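Chains as they are written, first to last, in the numbering used here: chain A, 821 to 1157; chain B, 821 to 1157. Using N, Cα and C, we set each Cβ at its ideal position, and we do this for glycine too. Since the model is a prediction, treat every value here as computed from it, not as a measurement. Below: the structure, in structure tokens.
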DNA sequence: CTGAAAGCGCTTACAG
DNA sequence: CTGAAAGCGCTTACAG
């Protein structure tokens, strides 16, 4: 019976080939512990000769840790989330980790079952964009969890300063001279939806009470293209008597839907109505006309989140990342032609 | 010393609590093997009482398998790929598996290092959209690998019938009466780019040699928005003398970029120029005007790929999924007003 | 600095 | 049908 099987080489095979103990091989694997150069060289050669690859499962069983971070998103096809996923993956790879991806489809139970699955797999940490407000309340986790964009349970949240971002838009539209404004809100059962709306509405009201009066219509949408189109249409059809000159939307997708809605009614943007979004997804600069919006710095959001997971020293706490107003072609002073 | 630690319960704890051997617990875990109902009930109760969760790493070490499939994409922010990722995730969850996501960023070395990382983690199989033509040639894998959309090495490929899809577009434009046509090709170092171009060009030439002559301009783009805009602009500016009445693009992103380019030149779509895409990403039905395109059935692509990974019985082999022409508002007969 | 050995938590022949 | 036991491939005190 040949001791050499056609299976992959193990640490034992390497130890034999190098004429050392498995402990020594393990130590050169770990890099930290000092091993005499001569032995180290022999071990390295044996590993190369045998095409040795460490067995991750065995290591995970011993150390109760694995180079893996979990990422849970409501919907990977949402361009903002896919942008975020990309950045999270980049940050994970930088740290020598892989990422496991799961979709909650906006459902809390699906979400928590995925979290449990990640925990079962001994992930190093979990990044989650919560499925809905109030999800994840009951959860206890042995590893760091950090929520991004939408808060999960009582875990720290890394998010854009939605309120301030929305204020930027309010200031901008008011300064342009708009006094008949509509706001298409995101879902009010999400914190993001509420913060953006509150930031916008409060600021507009404040401006209106100090200076010129402003009429403000608030409409409810989801975050997607279709509801943006539908709501904008109703808004613009209905406004024959008291026309709205500007629409601020809670997301770029809503705004892009609104662009469509306006177009279908034969209205020109920005001549007849200005439209402003939020997020600055890739598409925002490509639609016709290019969309004025608030840029979320996804790379920073991802980096902060991963720092929170990997920096054991740092106290885990929520953090806001500022949004930036990006002015493009979908906005102008009212009545401009 | 208390035998009860604050660590999670193991199979041994469950065995003790239920008064059976660990083998028996393992058997009820496996479900297959028959265990007497009375014992089974005791074990189940003990598991519930102790909030027992099986240790995946230990199981993986023993069985050399883990409920994990790998997914490698050139770029998750590409809407077609993110759609595909969503479908793959859904199919994986159906089969009780998690998915690991990695981005190759179009780089072959990054790609192969991710493949290796997946293999090291004992994934059940890998789905990969190749970074570039010819990538993955050298690779040997102990688990099934299947490529989707862009072939990886000599592994089976599940893809839309790009050639036939492109022919659909050629037939459609010709029948509408277009005789001055441009094609914006995808990268020719990708099979997809070549197949779509060849399908389109050959069919147009065939039609042109049998019936009315057709002038066909072929331009080179990548698959993204920006190159579509740039190329379309040059094409339409240059065509003052011999105007092009229709542009077929190798992807929706190209086509949407072309829409922008046309718009910036003051051209109306479809009145001045028809534009047709390929893929049917979500956005295609939301841009202004709605884009005529060829729909790729991502759900089917994902399902076939996963079937290939999980159906050990089935002979792994490539398969084409048909594309469907979706006619919307960006195309019409030439000279239509 | 290095080796011998225990042990992580499972699964699975092997008996009975 | 069930139990006792070996063993998957590592890491890490423990000696020396």
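Closer than 6 Å by C-beta to residue 918 of chain A: which residues in its own chain qualify, once you throw out the five before and the five after it? Chain order, please.
888
On the DSSP bridge list, what partners appear for residue 1112 of chain A?
A:1096
Chain B residues whose Cβ lies nearer than 9 Å to that of residue 1080 of chain A:
1106, 1107, 1108, 1110
Taking only three categories from DSSP, how would you classify residue 954 of chain A?
coil
Assign residue 1117 of chain A to one of three DSSP states: helix, strand, or coil.
Coil, per DSSP.
Taking Cβ-Cβ distances below 8 Å as the criterion, which residues of the segment 896-924 of chain B are in contact with chain A?
896, 897, 899, 902, 903, 905, 906, 909, 910, 913, 918, 919, 920, 921, 922, 923
Which residues in the same chain as residue 1054 of chain A place their Cβ atom closer than 7 Å to its Cβ, once the five residues preceding and following it in sequence are excluded?
none
Suppose you measure from the CA of residue 958 of chain B to the CA of residue 875 of chain A; what does that come to, to the nearest Å?
22 Å
Using a Cβ-Cβ cut-off of 8 Å (strictly less than) and excluding sequence neighbours within five positions of residue 1148 of chain A, which residues of its own chain qualify?
1104, 1105, 1109, 1110, 1111, 1112, 1113
By the criterion of Cβ-Cβ separation under 8 Å, what are the contact partners of residue 872 of chain B in chain A?
Within chain A, no residue comes near residue 872 of chain B; the closest Cβ sits about 11 Å away, beyond 8 Å.
Grab the span of the beta strand (DSSP E) containing residue 1039 of chain A for me, first residue to last.
1035-1040
Along the chain, where does the beta strand (DSSP E) containing residue 923 of chain B start, and where does it finish?
918-923
Applying a beta-carbon distance threshold of less than 8 Å, which residues of chain B neighbour residue 1057 of chain A?
Neighbours of residue 1057 of chain A on chain B: none; closest Cβ ~18 Å, over 8 Å.
Could you check where the beta strand (DSSP E) with residue 1152 of chain A kicks off and where it finishes?
No beta strand (DSSP E) holds residue 1152 of chain A; DSSP gives it neither H nor E.
Got a sec? Which residues, its chain only, sit under 8 Å from residue 1019 of chain A by beta carbon, not counting five neighbours each side?
982, 983, 984, 985, 986, 987, 990
Would residue 1133 of chain B be called buried (16 or more neighbouring beta carbons within 10 Å of its own) or exposed?
exposed
Could you tell me the distance, in whole angstroms, from the CA atom of residue 866 of chain B to the CA atom of residue 828 of chain B?
13 Å
Determine whether the Cβ of residue 1004 of chain A lies closer than 9 Å to any Cβ atom of chain B.
no
Is there a Cβ from chain A that is less than 9 Å from the Cβ of residue 992 of chain B?
It does not; no Cβ of chain A falls within 9 Å.
Have a look at residue 895 of chain B and residue 923 of chain B and give me their C-alpha separation to the nearest angstrom.
Approximately 6 Å between the Cα atoms of the pair.
Any contact of the segment 961-969 of chain B with the segment 939-947 of chain B, i.e. 3+ C-beta pairs under 8 Å?
yes
If you compare alpha carbons, which of A:939, A:871, A:960, A:845 is closest to residue 861 of chain A?
A:845
Any chance you could list the beta strand (DSSP E) runs of at least 3 consecutive residues sitting entirely within the segment 923-982 of chain B, in chain order?
945-948, 965-968, 977-980
Just the chain B side, please: which residues come within less than 7 Å of residue 999 of chain A by C-beta, in chain order?
Here the premise fails: no neighbours, minimum Cβ distance about 27 Å.
Do the CB positions of residue 1001 of chain B and residue 1037 of chain B come within less than 9 Å of each other?
yes
Residue of B:954, B:1141, B:1085 minimising C-alpha distance to residue 1056 of chain B:
B:1085
Whose CA, out of A:964, A:1155, A:938, A:1049, lies closest to the CA of residue 998 of chain A?
A:1155
Member of A:1047, A:993, A:1142 whose CA lies at the smallest distance from the CA of residue 1027 of chain A:
Looking at the Cα atoms, A:993 is the closest of the given residues.
If contacts are defined as beta-carbon pairs under 8 Å, then residue 1048 of chain B and residue 1078 of chain B qualify, I think. What distance do you get, rounded to the angstrom?
5 Å
Secondary structure at residue 891 of chain A, three-state DSSP: helix, strand or coil?
Residue 891 of chain A falls in the strand class under three-state DSSP.
Residues of chain A with a CB under 8 Å from the CB of residue 1102 of chain B: which are they?
For residue 1102 of chain B, the chain A residues whose C-beta falls within less than 8 Å of its own C-beta are 897, 1045, listed in chain order.
Residue 824 of chain B (DSSP reduced to helix, strand or coil):
With a pLDDT of 40 at residue 824 of chain B, under the threshold of 50, the modelled position of that residue is not reliable, and no figure is offered here.
To the nearest angstrom, how far is the alpha carbon of residue 886 of chain B from that of residue 942 of chain B?
6 Å
The segment 1082-1098 of chain B: which residues have C-beta closer than 7 Å to a C-beta of chain A, in chain order?
1083
DSSP-derived helix/strand/coil call for residue 836 of chain A:
helix
When DSSP builds the beta bridges, which residues end up paired with residue 1139 of chain B?
B:978
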